[in-house]
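Protein chains in written order, with my numbering: chain A, 831 to 989; chain B, 51 to 133. We put the CB at the ideal spot given by N, CA and C, even for glycine. Report on the following structure.
In structure tokens form, the structure reads like this:
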């Protein structure tokens, strides 16, 4: 967790180590408009110091327990961010692509619903509005709740 | 006990945290919310729609029936929206 931007290339290079045959990643960036098409000027990411680190550690541990990963990375920014700036980097490396791709989808789905971050979007006229949790995000995270007893978890239907 | 507020709960209560002595009758999260509501009109308004309030006891997500007696730190916040 950091206020500064991250270097996605450096994060990917760090995941490219012995045993890795594939590296998957996701980068979230600040959108320029909200769901209703209103122009967004930027956003502020608030978090719960202490609990955030614990929650991210648990999410990463869960991914490492579910898939045979050679590594995984979560970088989440906090503070004020402008449109187009990076918010979050999630990466996973494994011997084969399926585990890496699924782990990245899992990491970002769980991060959205179980790490204590809150986004406030800024609009014209100095207005700011806290983003409401989306039912779709909660359903996406819940779809990962039940791993298969053998092998890889079932891929959620929406992927 | 340290009570923390985040995001719009922090704005509506008007403070990021407060140090409070809980009465013995406050045993779980629900009873703490009911007690906090009576502290000021701002608290009452912040906790007005309890369906939008989430809680963590000592930095773990907690349900309404979670005990609070031994806790050092209790946080209230809206559903999380990171990522």
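Check the C-beta distance from residue i over to residue j and give it rounded, since I have them as a contact under 8 Å.
{"i": "residue 922(A)", "j": "residue 937(A)", "result": "7 Å"}
{"i": "residue 933(A)", "j": "residue 893(A)", "result": "5 Å"}
{"i": "residue 884(A)", "j": "residue 109(B)", "result": "6 Å"}
{"i": "residue 906(A)", "j": "residue 947(A)", "result": "7 Å"}
{"i": "residue 910(A)", "j": "residue 852(A)", "result": "That belief does not hold up - the Cβ atoms of residue 910(A) and residue 852(A) are roughly 35 Å apart, past 8 Å."}
{"i": "residue 92(B)", "j": "residue 64(B)", "result": "5 Å"}
Would you report the Cα separation of residue i and residue j, rounded to the nearest angstrom?
{"i": "residue 924(A)", "j": "residue 891(A)", "result": "15 Å"}
{"i": "residue 127(B)", "j": "residue 107(B)", "result": "12 Å"}
{"i": "residue 94(B)", "j": "residue 105(B)", "result": "16 Å"}
{"i": "residue 969(A)", "j": "residue 873(A)", "result": "25 Å"}
{"i": "residue 871(A)", "j": "residue 965(A)", "result": "25 Å"}
{"i": "residue 83(B)", "j": "residue 896(A)", "result": "37 Å"}
{"i": "residue 124(B)", "j": "residue 848(A)", "result": "43 Å"}
{"i": "residue 985(A)", "j": "residue 904(A)", "result": "Annotation note: pLDDT 49 at residue 985(A) (below 50); position unreliable, no value reported."}
{"i": "residue 66(B)", "j": "residue 879(A)", "result": "12 Å"}
{"i": "residue 119(B)", "j": "residue 53(B)", "result": "13 Å"}
Three-state secondary structure (DSSP) at residue i?
{"i": "residue 131(B)", "result": "coil"}
{"i": "residue 841(A)", "result": "helix"}
{"i": "residue 901(A)", "result": "strand"}
{"i": "residue 947(A)", "result": "strand"}
{"i": "residue 110(B)", "result": "strand"}
{"i": "residue 860(A)", "result": "coil"}
{"i": "residue 936(A)", "result": "helix"}
{"i": "residue 922(A)", "result": "strand"}
{"i": "residue 100(B)", "result": "helix"}
{"i": "residue 891(A)", "result": "helix"}
{"i": "residue 119(B)", "result": "coil"}
{"i": "residue 927(A)", "result": "helix"}
{"i": "residue 984(A)", "result": "In this prediction, residue 984(A) has a pLDDT of 48, which is less than 50 and means its spatial position is unreliable; what the coordinates show is noted afterwards. Here residue 984(A) sits in coil by DSSP."}
Considering Cα atoms alone, identify which of the options is closest to residue i.
{"i": "residue 942(A)", "options": "929(A), 880(A) and 918(A)", "result": "918(A)"}
{"i": "residue 132(B)", "options": "860(A), 852(A) and 837(A)", "result": "860(A)"}
{"i": "residue 175(B)", "options": "838(A), 875(A), 913(A) and 972(A)", "result": "Because chain B is modelled from 51 through 133, residue 175(B) falls outside the range shown and cannot be assessed."}
{"i": "residue 121(B)", "options": "84(B), 72(B), 96(B) and 130(B)", "result": "72(B)"}
{"i": "residue 834(A)", "options": "863(A), 958(A), 864(A) and 912(A)", "result": "912(A)"}
{"i": "residue 939(A)", "options": "842(A), 908(A), 889(A) and 958(A)", "result": "889(A)"}
{"i": "residue 971(A)", "options": "958(A), 857(A), 935(A) and 867(A)", "result": "935(A)"}
{"i": "residue 56(B)", "options": "96(B), 112(B) and 116(B)", "result": "96(B)"}
{"i": "residue 955(A)", "options": "915(A), 842(A) and 869(A)", "result": "869(A)"}
{"i": "residue 62(B)", "options": "74(B), 98(B) and 118(B)", "result": "98(B)"}
For the region 961-976 of chain A, list every residue whose C-beta sits within 9 Å of some C-beta in chain B, in sequence order.
961, 962, 963, 964, 967 and 968
Using a Cβ cut-off of 8 Å, which residues of the region 938-956 of chain A contact any Cβ in chain B, in chain order?
938, 941, 942, 943, 944, 945, 946, 947, 948, 949 and 950
Looking at chain B, which residues of the region 915-926 of chain A have a Cβ within less than 7 Å of any of its Cβ atoms?
918
At a CB distance below 8 Å, what residues from the region 879-893 of chain A approach chain B? Give them in sequence order.
880, 881 and 884
Mind listing which residues of the region 118-132 of chain B have their C-beta closer than 8 Å to chain A's C-betas, in chain order?
125, 127, 128, 129, 130, 131 and 132
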